[in-house]
Amino acid sequence: MLRRVARLPSRMGPCVTSTSVGQSCGSSLPSSRVGAEVAPNFMRLLKFAVPGLSRTFASEPSMLVFDGSLKTKHKDRAAMLQSERGSDQLLDAISERLTDRMEDCLRKFPTALVIGGAMPSVARCLTEPRFAAQIGLEKVIYVDSSINSLEAARKQHDTDGRATLETEYVQVKTEEAFLPELPMENAKDSVDVVIACLGLHWYNDLPGVLMQCNHVLKPDGLFLGALFGGETLQELRIACAVAEQEREGGLSARMSPLAKVRDGGNLLSRAGIALPAVDVDDIVIRYPTALELVEHLRVMGETNAVLQRRQELPRDTALAAAAIYQTKFAEEDGSVPATFQVIYVSGWGPSDKQQKPDARGSADASLGDLHKELGGEAGGFPDDENTKS
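Mapping of the sequence shown onto the numbering used here: position 74 corresponds to residue 810, and the numbering continues sequentially without gaps.
Following this line, the structure appears as structure tokens:
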């Protein structure tokens, strides 16, 4: 597991770190004032809910968990808010960490396909002249169901001082079936890199989306993905669960299901993507109150889109959730932390040029022989055919 220690500036006031230690930015309301001053907006925002629980993704298209049309509206709203308030520092940081992986590769990536998620932030990374030149980028195809996200990416490319790249923008009804909508006559083996940043965790048929990504990748092409993991917003999840249990005697689908870390490599392998790799960032952001946290989720487009979600949140439950969050998790300065677990997945389009393991049993030496040659004590390894590898 990869854990980075860094502090990210934020335009919203919260303080962003990759560990649970750090100073907070802004002031917090005293806990005694949470109910009076935070509750109305907190109740209004929290009824939409946020990610938080783990799940195992299924490939059957009939298994509908998320409302795709609602998620498109969320992304439209998020793109509009970001255009008004400026880019989101958390989305920018995640996009930069994901795309930076291309700089570590020895090959070039002339054609890129960007699918859904934090598209404006990814566009900001790809249009940086030095970065685009280093990876050999010439053309970018953007695919999203949100017209506002596509327009934000277009504006990013039109910004003065950015790299001049060939671009195409494709609006689809849903990214889960983007393949037929691509502008190429034959999309198979057509792009050098596919980037899916913070959109994968909202797809009903995630394995199907990954299979389409593998289909369009050239042999030995690169797939890069980032999604929020199951430990995301664990503090808010706990506060909501305790509040609902106390006030209503049960739990509802207040949080969206998310993948576990171990699911990342399995999903890529299932889609036929070779040499899968997974690493994780745990990013902790501190907010003045829980209200700023929920508002930030709206700006990111990460509010709940589960089909079975509750439409209303009782006032007393919202008050209790805000108070419990403040009581259980507040720092000494009164700020409240929120954890974002980011799972980065990467893999390559299958190619005959890639390294492959030898056939089982093809070794001509045993571990026992190697152990003896290195001066190990007898009996360290059983000296038989089962030790050959």
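Beta carbons are placed, not taken as given, at the ideal position from N, Cα and C, and that holds for glycine.
All values reported here derive from a predicted model rather than from experimental measurement.
Could you tell me the alpha carbon to alpha carbon distance between residue i and residue j, rounded to whole angstroms?
i, j, result
"R1034", "A932", "20 Å"
"D824", "A1099", "53 Å"
"I877", "Y905", "6 Å"
"E921", "L915", "11 Å"
"V945", "I1009", "12 Å"
"E902", "E874", "6 Å"
"P750", "T1075", "Since pLDDT at P750 reaches only 49, below the 50 mark, its modelled position is unreliable, and no value is offered."
"L862", "A962", "16 Å"
"A775", "E887", "Note that A775 scores 42 on pLDDT, short of 50, meaning its location in the model is unreliable and no value can be drawn from it."
"A1066", "K996", "26 Å"
"P787", "R860", "A caution first: P787 carries a pLDDT of 43, below 50, which makes its placement in the model too unreliable to give a value."
"E736", "I871", "What the structure shows of the chain is the stretch from 737 to 1125, and residue 736 is not part of that stretch, so it cannot be assessed."
"T792", "D999", "Caution is warranted here: a pLDDT of 34 is assigned to T792, below 50, making its placement in the model unreliable, and the coordinate value is therefore given only provisionally. Approximately 7 Å, taken between the alpha carbons."
"D1088", "V952", "17 Å"
"T895", "P865", "12 Å"
"L719", "A1057", "Residue numbering for the chain in the displayed model covers 737 to 1125; residue 719 lies beyond these limits and cannot be assessed."
"L842", "S831", "20 Å"
"E1126", "Q1091", "Absent from the structure is residue 1126, since the part of the chain shown begins at 737 and ends at 1125."
"G1001", "I1019", "21 Å"
"L987", "R973", "11 Å"
"R983", "A977", "10 Å"
"V879", "A1054", "37 Å"
"A1007", "Q948", "8 Å"
For residue i versus residue j, is the C-beta spacing smaller than 7 Å?
i, j, result
"K844", "G1037", "no"
"A1026", "Y1061", "yes"
"L835", "S882", "Rather than Leu, the amino acid found at residue 835 in this sequence is Thr. No, the Cβ-Cβ distance between T835 and S882 is not below 7 Å."
"G852", "G935", "yes"
"S992", "V930", "no"
"F959", "G1083", "yes"
"D928", "T847", "yes"
Between which two residues does the beta strand (DSSP E) containing residue i stretch?
i, result
"L963", "953-964"
"D1126", "Shown here, the chain extends from 737 to 1125; a query on residue 1126 therefore has no answer."
"V876", "875-880"
"P1012", "1010-1023"
So the alpha helix (DSSP H) residue i belongs to, where does it begin and stop?
i, result
"C861", "855-862"
"L1049", "Looking at the DSSP string, L1049 is not in any alpha helix (DSSP H), and its letter there is neither H nor E."
"R1034", "1026-1036"
Give, in chain order, every unbroken run of the beta strand (DSSP E) that is at least 3 residues long and sits entirely within the segment 885-922.
Qualifying beta strand (DSSP E) stretches, in chain order: 902-907.
Start-end ranges of the alpha helix (DSSP H) lying completely within the segment 792-842, minimum 4 residues:
Runs found: 804-821, 825-835.
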